[in-house]
Each structure stands twice: as structure tokens, then as C-alpha cells.
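Reading through the C-alpha cells given below for one structure.
6 protein chains.
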Amino acid sequence: MILPIFIASLLFSSSYAAVQDFCVADLNGPEGPAGYSCKKPAKVTVDDFVFSGLGAAGNTSNIIKAAVTPAFAAQFPGVNGLGISMARLDLATGGVIPMHTHPGASEVLVVVQGSICAGFISSANSVYFKSLKMGDIMVFPQGLLHFQINAGRSSALAYVSFSSPSPGLQILDYALFGNNLPSELIEQTTFLDDATVKKLKGVLGGSG
Amino acid sequence: MILPIFIASLLFSSSYAAVQDFCVADLNGPEGPAGYSCKKPAKVTVDDFVFSGLGAAGNTSNIIKAAVTPAFAAQFPGVNGLGISMARLDLATGGVIPMHTHPGASEVLVVVQGSICAGFISSANSVYFKSLKMGDIMVFPQGLLHFQINAGRSSALAYVSFSSPSPGLQILDYALFGNNLPSELIEQTTFLDDATVKKLKGVLGGSG
Amino acid sequence: MILPIFIASLLFSSSYAAVQDFCVADLNGPEGPAGYSCKKPAKVTVDDFVFSGLGAAGNTSNIIKAAVTPAFAAQFPGVNGLGISMARLDLATGGVIPMHTHPGASEVLVVVQGSICAGFISSANSVYFKSLKMGDIMVFPQGLLHFQINAGRSSALAYVSFSSPSPGLQILDYALFGNNLPSELIEQTTFLDDATVKKLKGVLGGSG
Amino acid sequence: MILPIFIASLLFSSSYAAVQDFCVADLNGPEGPAGYSCKKPAKVTVDDFVFSGLGAAGNTSNIIKAAVTPAFAAQFPGVNGLGISMARLDLATGGVIPMHTHPGASEVLVVVQGSICAGFISSANSVYFKSLKMGDIMVFPQGLLHFQINAGRSSALAYVSFSSPSPGLQILDYALFGNNLPSELIEQTTFLDDATVKKLKGVLGGSG
Amino acid sequence: MILPIFIASLLFSSSYAAVQDFCVADLNGPEGPAGYSCKKPAKVTVDDFVFSGLGAAGNTSNIIKAAVTPAFAAQFPGVNGLGISMARLDLATGGVIPMHTHPGASEVLVVVQGSICAGFISSANSVYFKSLKMGDIMVFPQGLLHFQINAGRSSALAYVSFSSPSPGLQILDYALFGNNLPSELIEQTTFLDDATVKKLKGVLGGSG
Amino acid sequence: MILPIFIASLLFSSSYAAVQDFCVADLNGPEGPAGYSCKKPAKVTVDDFVFSGLGAAGNTSNIIKAAVTPAFAAQFPGVNGLGISMARLDLATGGVIPMHTHPGASEVLVVVQGSICAGFISSANSVYFKSLKMGDIMVFPQGLLHFQINAGRSSALAYVSFSSPSPGLQILDYALFGNNLPSELIEQTTFLDDATVKKLKGVLGGSG
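Read top to bottom, the protein sequences are chains W, P, Y, D, U and E.
Heads up: the first sequence begins at 1 in full-length UniProt numbering, then just goes up one per residue.
Heads up: the second sequence begins at 1 in full-length UniProt numbering, then just goes up one per residue.
Heads up: the third sequence begins at 1 in full-length UniProt numbering, then just goes up one per residue.
Heads up: the fourth sequence begins at 1 in full-length UniProt numbering, then just goes up one per residue.
Heads up: the fifth sequence begins at 1 in full-length UniProt numbering, then just goes up one per residue.
Heads up: the sixth sequence begins at 1 in full-length UniProt numbering, then just goes up one per residue.
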């Protein structure tokens, strides 16, 4: 029986060649435009490909009554380089995921519990929104403003997936009012009045 | 108030420029390597971006006690060109999604109900499998053999997402025994004996 | 002299093979996720690769005292499929290009006349802005909110280039207040009050 | 003669800019999703771009009477980042390259000696196979199960090229029976019976 | 036996989803930036994936004593969309493939008969060339000037593969002297003198 | 007011996830096929995204009366990974940017001052050239030979943008005559005579 010899020689070459099957993120290594450095294959275990952090509801005891729990490459190193990631959305009654974009990915959402009104606005300025019931899925094209609102009388839960391991997340209000962007620049570039800007900066912790 | 003039001129240009925000599949148009042709933007509605076909359980009254319901570009035209798609997995008690690959995408799975033993095998011939509980997610790198088995005593439900709108699906048994690939070629290339091949061809409807 | 024979045979094959050198957009053909269909190579002339539409200043007699003139694939078919496009920014004294994103491209800007205060906000909510003088260039990463303001006492002119032939353009105010997105949804997802929303809808032509 | 000054200044900038012409793999540096780190350009020589390892026949004194000799990025660092690689297939009389996939690349094969019966199975479960004679080429789309069998009475030799520097290689029998994947899981996911699985595990060195 | 029901339902969905496994070129359909339109899957046969046109030597009875026979998407429709293609190089004794580039692909060459001196020049202006013997392979990074010369006393044969189905081919002499590019422009942009330009235009059939 | 809690938790996750918004080049870190390593986000400032090196005219006191000043990733680290870069072209009266290619990018040029005759040659050996006036833009598809010549009686200035942060630059004369490529190889692969080659080697500093 000579087969094992053949197998051993193939094993040698394929184990080298297989390095690009996956690239579990080494969060401490150098990062490049395509993602994090890869953990050494010999140290990779099944636990690198499994993530339990979406198993518990996020804390919705806040003003938006909602929470986003990400499983991007930074939280779930197994997705690094694989063109995909996930997040969990919890919306208590009345909860809202405010207007936001993902600069680097398209998103698909599945409603697992409750009902959600979700929508996005296109570059051509068309508005697409609908009330989704349990089991419905909706896709949000890359980079466009979109939102999700609990449309029912009980908690809602959705899982969202992204076409990138690092989709980014830019929440409109937070981007405008939650940092040190000078009020004058905000007002000039959004047509919002000074009182509105100052009030929202107060709420969202912005300065300037 | 002169702003509307500004807006109107921008509208004109951006409506042209926005065509690539999305490309809802026109399943009757020519298809290219990057996907289906785009439906005319003027005919696109929110219903192109929403799909309800994953809302009902697949029929698991079959020998594998399981069902896969896809929401790929062919079923859900809104994902065409957006680098993402989904499917629903239903596993009755004892249900199995047999060994398979997706030639064109990585996959991430979230367990929504029950528990599932899932695993994959790498090019370097390492095996990664684990029993997943509700809320756990697992990623399967592109093109590798993988499987899902109901690991509990009740039905299990999972949603899977893919890093392509057309990930493809090659089920091992079906590819080997469910078509007209001559038995002799199967035997030569898999080391399976003739009786086994013939028996599985009988079960899976293969000829030759 | 036998060379022409060789050349003729190579010409034959290379003229076939060369089709992918470029793909000048046929705006009337089917469109796909990668862009417009290609004009037949035999009908392509140098004028497909040259565009004069950025040679004249845009009309800045409007409330923002500014104008954006695009040379995307829809206006400049020669860039289709080539991963690049341009636009011209004119800013009269006091002019502002309001907060906006390009969902599908990064942008680089060069100041050709005057001075411009430009900035963007990252997913990590950091603000990067600076006053640019003639000859300075600045890059805006894909999908992030950014703006440009005339920072001088005379007109300013900039050319911007994009990493896509169809970068898209989503102007924040226009997306929020210039369409039929219901005021209630805007208010819920932006924390803006009803009076502000209604006022801006009035200015920007929105309904609902 | 002032030209050298011009040249020198261009040299400076272009030598910096040229780094991305190629990225010869530094197999000891960190690896990322796009491939290996680059060797310093100053240390690169023509020998990084030339590989002689495919010049000798692989050892076919084994049960499959065949050998695969790869020139992937791990063996031939010059192809790193260039979207291409090669391998050599030797098939003694009666030799077989068993059913396998390349998870990360399409493949094109050219028969250089002898004749080879080659085929693949699509996601739609169609079978495409043909007997190839010397000089014929055949393409195998990414990720699909395929095989090659010596179809003649003498040795056969083929060169195969891949659309990735690290295509991966997953040999079906080896993936199923050459590791520690528990027999029970194999049986449940392939419909093979226990005796068949155990027998092949014995041959291929698998445990569990 | 209920399995066939399961299989039939999967067949339905996967046959739809599988369209992107391959996209055999329909040379008469519209072409886009990603390649040719796809032939209907039902009309695809194994002959679309096999090409015999490289089986015969090209005609080397010409001034360069060499021939290039392409198997790009235009000649070999099966490679459309698959990121790979091939060509055959025949070099009679003294034969030369003149200095050229492939604008859209990297290339890997394997010497099947004879010996070949091959080389390329990088953006950093380094020269890499070597005499290759039978079985040696060499890679040429995308877009760089390169050449192949018969380095032996008998005919040489090589197969080359490309990282694109439509790599393009720009032969330097042909680009400069084989068309209607005005001599004055050639002279200004190459520093060649008028007599040299005119002489080579005569040889290569150029005008202007 | 509980909102800040929500914001703080989102900040935490999004600051991790946002790493791929941009990847400012760390020129001292390891480089990979996708570009340079990323500078730590915490050390990034607005000055990484702004470059003033194109603000001054290049030195045109040389034999070509022209200068190219690049703002590629090596000079302007902010563009690393963003798919775009720029350069400045200065052409004194009579100035010429000689025949060259960018192996890794398409280019778009805008004339800011003076007039420029620009052109390129396709793989199909068609010539496309035109005299451009101020404000005209022209696109040059990836990898093709092209040139720019001052077409007026005064200085000309153009900005060019590229579809890659590291487009590369291969100047034909410099590649042929400005290094140690042996004259014999040049003559064999270009049909230029020995005297011409030796003369140009003298001018351009080549040896061999």
C-alpha cells in the first residue's frame, strides 16, 4: 500500500499552499489595506471561527432603546479576509437604530423577532422603506444612508450581515454632533441653525 | 430662495451618476461575469430590496430531514452586484445538511433556534467543527467542504449569509451520484467501490 | 521582407484580445454591476476619451454659491470600466459644498484657484479638516461624510477625482429633506425636531 | 546635456512608486489576506521570478500513479500578489489525480505529453468531461470538483495554471478520510456506510 | 425513499444559483467592463471549456521567426470571467518575441521545448533576465515590458498563462511604427531620429 | 439623559471596526500585495490626508523641458489602500512627457494651464490623440503607451489622477536605454540598430 507516501507528499505542499484558505486576524500584528495580519495556521482552532458574542441581547436601556453588537474582524477575527461579517440589532419597544451608513459594505438584514420598519435613500434621492415582519430580509446597498425602527409593540431582534469583514459604521448624529467638529462648520454644511446644533451637541457630547 | 435651482441641477447629475448604487437583477436581460443586467432604476421599488421567501420553514419531510432555501440573486434580485446574499437552513430533529461547498463565497451562519454541529475541512486537511448553540455564529471560508447537523432534540433553524450574490452550491453526494458521471470515473477518482457507487446512484437518481 | 505577415497575424489576434483595454460606455445598452455595456471598438474615437464639460465654471448663483459638475461614466463614457472619474467644484465667495458622501469611491481633490476648507469625519468619529491653499491636495476615504467650503475672499476652483467611474453622490440635506421621506421617520432617526425638519423640507422641496 | 538630471529625478520618484510592480514573498514576514509580505526590492533578483522545481517529473510510484508538483507562492515567491501560479501534473500509465477542488482559483490545463481524460461538475450538477490530446487546453471554473485521468497507454504530463498565487487544494478523499474527522460525522454527511469509511480511513491514514 | 424530493428541490434552486460558476462568452452579446455576456447555461457543452487551437505550431516563417497563438476569451470563450487565459509561443531557431506588454495581466511562462532567454524591466528600471531551460517557469508582472528570445540551436516552445481572460498585447515596435501615429510625435516622445522612425515605419507598415 | 451611554458603547465598537476606513501608509512597516502597512489610527492626523508637494512647479530645466511630480502612496501616505493617487505635470514651452506606461492604473488628466497634445495607443494598435485646451480632461486606459506634449507657446500645467495608490511609471526610453540591459538584447527585441541604441544609451546613462 503506497498511498500514504503520495498523501504525505501532497500534504506537505498543500499545507503550504493552503495558507490563503483563511487568515484569522492577529490583532497585534501589522495591519494592511486588505485587513489584519494572519495568525499562524498552526495556532488556529475552531474557536477562531466561532463567535458567541451575538448570543446575548445588547443593552437597550438608553435613549434610542436599541443596541448594535458587532461581529466585525476586530471582534471576530475569523472573518478577516473572508469578505463577510455580522452584527446583532436589538430594538426594545420604540427602539431606533438612527440614520447611518457603512462606508465599506452592503448589508442584508433578517428579522428574527418582532417587526421592523427599515429604509434607505439612494444617490438619486429615492426613498425605499418598508415594514418588515419576522423572516423578511432586506438589503441595503453600500454606503447609503439607512435606518431601522421597531415597528411593533414588543422587542425586535435582527441579524445583519455585511459584504466586508470591516464594514465601518458612521452614525449621522454622532458624526455631526458627537465630536469636536466646530458648530460653524456644521451649520454651514448642513443648513441646521445654531440652536439645533448646540442642543444636539449637548445631548451627544460634542464640543466646539 | 434660490436653493431649489441648485438642487435641481445636482439632481440631474446625481441621478445619472447614481446608477451604480445598486443593480437590481433583470433576470431576462443578458448576464455577464459580474452578474445579471440591471433593471431600469425608474422601475425599481422597495419590493426589489425585500424578500419574504425565507419567512417560512422549508420542507424537511425528506431523507435528510432538512431544507435549504436560498435568497441568491436568482431568487432575490436586489442583491445582484452587492456582494452578499442569504439562505435559510431548516433541520428537523436528526436533520443534516450534507457535505457541500460554495465555490464562489465564504459563509457565516447564525443559529436562531435549536443547536447545530457545524464544521469544515481546510486545504491543509485540518478539521474544524463545533456544536453551536442559539445565537452562536460560525464562518466557513470560501470553497471548503463543510456541513451542518442538528445537534439537539428539536428542530433547528439557522440563517446563513454569503460574500457573493451567487455563491453557488455543490453538494458532494449530489455531484458524485446524482448525475450521469460514469461510475467508472467516480470509482477511479474517489476510491469508492462499485457497489457503493451504484447504491448511492440508485438513491440519488444518478445514471451511468 | 516577411515581417508584415507576422504583424498581420498578430494584429488579428490582438485586435480580438484587446477589447478589454477599454470599454467606452454605450449608454443605451444593458448595464451590469460592473458598469455600462461597451461601445463597439470600431466606433470608438479619441473624442470618447476626451471631455470638455469641465472647462466652464458651473453656475454658482444659488443659495450654496457653489456648483458640482460631474464627469462620471454617465457624462464621460470613456471612463466606464477604468476605475476612475472626475468632477469640477466651483465655489463663489462664501460658497459651500454641503456635507455629502460618495458611496462607491474615494476622492482626491486639488485646489486650482483660491483656498478651500475641506474635511471629513471617520467611522471612529474623528474629524479631519484643514484649510487648503492653491496646489494642495487632500484625500477623502470612501463613503465618509465630507464637505468643502470656500475659505478665501474670492472664487475657488478645485478638481476632484474618484476611484470609480460611478462614485455616486449623496448630499445629506438633500437625502433627508429633498424627497418624500416622512417627517416622522426623519425625526425618529436623526433627533431633529419637527419644526427644523419641516423648515428644511420647505427649503429643499421635500414632501411628507 | 541636461537629460540625466531629469532622469535622476524621475528615477527617485519612480523607484518609490514602483514598489507595487511586484511583491516577491518574504515567507518569514507577516502574512495578510492579500498574500505574503514583500521582500525588499533591493534584494530581489531574477531568480525570484524563475522557478526550476517543475522541471523534473514528480514521483508517481504510489497508488494513484500520479504526482502534483505545485509552484504556488509558498514554493515560488515571485508570484505572490500577481494573481497567478502553476503546477505540474505527472500521470504514469493508469495514473489518476483524484477528485479535488481549488477553493481560491480557476485552473487552465495544457497537455504536454500523452492524453488525459479531465472533467468537472458544476453547481447545477452538470458533468463536463473529455479526453484531451497533446496540445489541448481545458479550463476548470473556480471551486468546482474536478479530476484528471491518464487516458493513454504511456505517461502523461500536463502543466496547470491558476488564477491565484495561492489557489489551495482540497483532495476529496484526503479531506474525508485522511484526518481525524469522526467517522460518524462523515457517514451522516455523505451517506457512506461505516465499513466504507473505515476502510478508506485505513488506506488514507485517517483516525476517529 | 424520500431523498429524491429533497434533491429535486435543491436542484431547482442550485441550478438558478449556479449561473455564476462560469460565464462562457457569447461573442455576439453585449460586452461589459467585466467581459463578454454569458452563453445560456443550457447551451454550454464541454467543448466550450476545451480549446485545441494551441495544439499546432504557429507559423514562424516570418522576420521574427516566431509566432504567438492566443487562447484569450475571444478565441476560447470558456475562460470568460474566470481570471485566466493562455497562449502558445513558437520560436524557430533565432526567433524572437519582441519587446511587449500585457496591459491587463501578469504572465507565467513554462518552457516545454528548447531554451529561451526571457526578461522584463521594472518601473524602478531594474532589468531581470535569464536563460531558461526546459521545465523552467518565469513570471512577468503585469504591464511591464518583457521579451522572449530563442536561446538555443533548435526550435523552442513555451506555454504562457495570464491572470486575465483578456490580457491585451501591446508590441512595442508595432505600437510605435505599425500605425498612423505621426512620425513627428514618435520622434518627440522617444528621442529616435527621423531616419530610424521612417525606416521602421517602412518595415512595419506604418504611415504618417 | 442616557444617550451618552449608548454612544460610548457604540464608540468602542465602531472605533475598532473603523480601522479599514483608511490605512495611512507606515512606510517603515512591512509591505504586502495590497499596499503598505497602516499607521496606527491614534497617530493619524489631518496632515496625513493633505499633501502640499504638488503646489510648486517641477524643475523643467532639462532636455525634455518637463517634469513629473508624483503624489503616490510613497510620497503621500494617505492614499494607501484607497485606490487613487495623483501627480503634477509641468511642461515648459516645447516640453514633452515621453512615451510611457503605468502598469498598474488608468489615468485621467485635466489641463489647468496652457494646451497639451496627448495620446495613447491601444492593444488593437489604434492611435488616439488630440490637442487639449485648458479645462479639457482625457482618460488613458491602464497599461497602454501614452504621451503628453506642450502644444502651445507658453508653459502648460496638468494634474493627473490614477486608479491606484501605486500606479507605477515605466518611461520607454529610460526602460530601454537607461539601465544595463545588453545592447544586443535591445536590438533583437526592438529592431533598432546598434548605433541608435548606443547613442541613446549614452544620452540616458545606460550601460551594457
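Note that the Cβ used here is the ideal one computed from N, Cα and C, for glycine as well.
>> Let me check one thing: in DSSP terms, what residues is D:Lys-40 bridge-paired to?
In response: DSSP lists no partner for D:Lys-40.
>> Counting only Cβ pairs nearer than 9 Å, list the residues of chain W close to Y:Pro-98.
In response: Gln-188, Thr-189, Thr-190, Phe-191
> Taking a cut of 9 Å between CB atoms, which residues from the stretch 40–56 of chain D lie near chain U?
Replying inline: Pro-41, Val-44, Thr-45, Val-46, Asp-47, Asp-48, Phe-49, Val-50, Phe-51, Ser-52, Gly-53, Leu-54, Gly-55, Ala-56
> What first and last residue would you give for the alpha helix (DSSP H) that runs through Y:Asp-26?
Replying inline: Looking at the DSSP string, Y:Asp-26 is not in any alpha helix (DSSP H); the run it does join, the beta strand (DSSP E), is 25–32.
> What separation, rounded to the nearest whole angstrom, lies between the Cα atoms of Y:Gly-206 and W:Val-127?
Replying inline: 11 Å
> Could one say the Cβ of U:Asp-21 lies closer than 8 Å to chain P's Cβ atoms, at least one of them?
Replying inline: yes
> What residues in the stretch 102–131 of chain Y have a beta carbon less than 7 Å from any beta carbon of chain E?
Replying inline: Ser-106, Val-108, Val-110, Val-112, Ser-122, Ser-123, Ala-124, Asn-125, Tyr-128, Phe-129, Lys-130
> Looking at chain Y, which residues of the stretch 149–173 of chain P have a Cβ within less than 8 Å of any of its Cβ atoms?
Replying inline: none
> Nearest CA to the CA of P:Leu-200: which residue from P:Phe-177, P:Phe-191, P:Ala-34?
Replying inline: P:Phe-177
> Is the stretch 75–94 of chain W touching the stretch 32–41 of chain W in the sense that three or more CB pairs, one from each, lie closer than 8 Å?
Replying inline: yes
> Using a Cβ-Cβ cut-off of 8 Å (strictly less than) and excluding sequence neighbours within five positions of Y:Val-96, which residues of its own chain qualify?
Replying inline: Ile-64, Lys-65, Ala-66, Phe-147, Gln-148, Ile-149, Asn-150
> Does any C-beta atom of chain U lie closer than 8 Å to the C-beta of Y:Ser-37?
Replying inline: yes
> For E:Ala-34, which residues in chain W fall below 9 Å Cβ to Cβ?
Replying inline: Gly-32, Pro-33, Ala-34, Gly-35
>> Am I right that Y:Asp-21 and E:Ser-122 are in contact with their C-beta atoms under 8 Å? What's the rounded C-beta distance?
In response: 5 Å
> Just checking my contact of Y:Ser-164 with Y:Ala-105 at CB under 8 Å: how many whole Å lie between their CB atoms?
Replying inline: 4 Å
>> Using 8 Å as the threshold, is the C-beta distance between W:Val-50 and W:Gly-58 below it?
In response: no
> How many Å lie between W:Cys-23 and W:Lys-133 at the Cα?
Replying inline: 36 Å
> So, using beta-carbon positions, are E:Gly-143 and E:Phe-129 closer together than 8 Å?
Replying inline: no
>> Tell me which residue opens and which closes the alpha helix (DSSP H) that E:Lys-198 is part of.
In response: 194–204
> Can you list, in chain order, the residues of the stretch 68–81 of chain U whose Cβ is nearer than 9 Å to any Cβ on chain P?
Replying inline: Asn-80, Gly-81
> At what residues does the alpha helix (DSSP H) containing E:Gln-188 begin and finish?
Replying inline: 183–190
> So which of D:Ile-186, D:Leu-192, D:Val-108 has the shortest CA-CA distance to D:Phe-140?
Replying inline: D:Val-108
> Which runs of the beta strand (DSSP E), 3 residues or longer, sit entirely within the UniProt domain "Cupin type-1" (52–198) of chain Y?
Replying inline: 66–71, 85–91, 96–101, 107–113, 116–121, 127–132, 137–140, 146–150, 156–162
> How long is the line joining the alpha carbons of E:Ala-8 and P:Tyr-159, rounded to whole angstroms?
Replying inline: Any reading at E:Ala-8 must be qualified, since the residue scores a pLDDT of 41, below 50, and its modelled position is unreliable; the value itself is stated next. E:Ala-8 and P:Tyr-159: Cα-Cα distance of roughly 30 Å.
> If P:Ile-84 and W:Ala-71 are in contact, beta carbons under 8 Å, what's the gap, nearest whole angstrom?
Replying inline: The Cβ separation is near 15 Å, so there is no contact.
> Closest to E:Phe-162 by CA distance: which of E:Ser-131, E:Thr-196, E:Met-86 is it?
Replying inline: E:Met-86
> Do you know whose CA, among Y:Thr-196, Y:Ser-183, Y:Pro-98, lies nearest Y:Leu-169's CA?
Replying inline: Y:Pro-98
> If you compare alpha carbons, which of Y:Ala-156, Y:Asp-193, Y:Leu-145 is closest to Y:Ile-171?
Replying inline: Y:Leu-145
> Using 8 Å as the limit for Cβ to Cβ distance, is U:Gly-83 near chain D?
Replying inline: yes
> With a Cβ-Cβ cutoff of 8 Å, do Y:Gly-135 and E:Gly-135 count as a contact?
Replying inline: no
> Once you ignore the five residues that flank W:Leu-91 on each side, which residues in its own chain have a CB closer than 6 Å to its CB?
Replying inline: Ala-66, Asn-150, Ala-156
>> Which residues in chain E have a C-beta closer than 7 Å to the C-beta of D:Gly-29? List them in chain order.
In response: Pro-30
> How many whole angstroms separate the CB atoms of W:Ser-166 and W:Ala-34, which I take to be in contact at a CB cut-off of 8 Å?
Replying inline: Between W:Ala-34 and W:Ser-166 the Cβ distance is about 10 Å, and since that is not below 8 Å, they are no contact.
> When the cut-off is 8 Å and only beta carbons count, does D:Ile-7 lie next to chain E?
Replying inline: Confidence in D:Ile-7 is poor, its pLDDT being 48 and thus under 50, which makes the residue's placement unreliable; the coordinate value appears in the next sentence. For D:Ile-7, the answer is yes, since a Cβ of chain E falls inside 8 Å of its Cβ.
> Using 8 Å as the limit for Cβ to Cβ distance, is D:Ser-15 near chain W?
Replying inline: Bear in mind that a pLDDT of 38 at D:Ser-15, under 50, signals an unreliable position, so the model cannot answer this.
> According to DSSP, is Y:Ser-9 helix, strand or coil?
Replying inline: Below a pLDDT of 50, predicted positions are generally treated as unreliable, and Y:Ser-9, at 45, falls in that range; no measurement from the model is reported.
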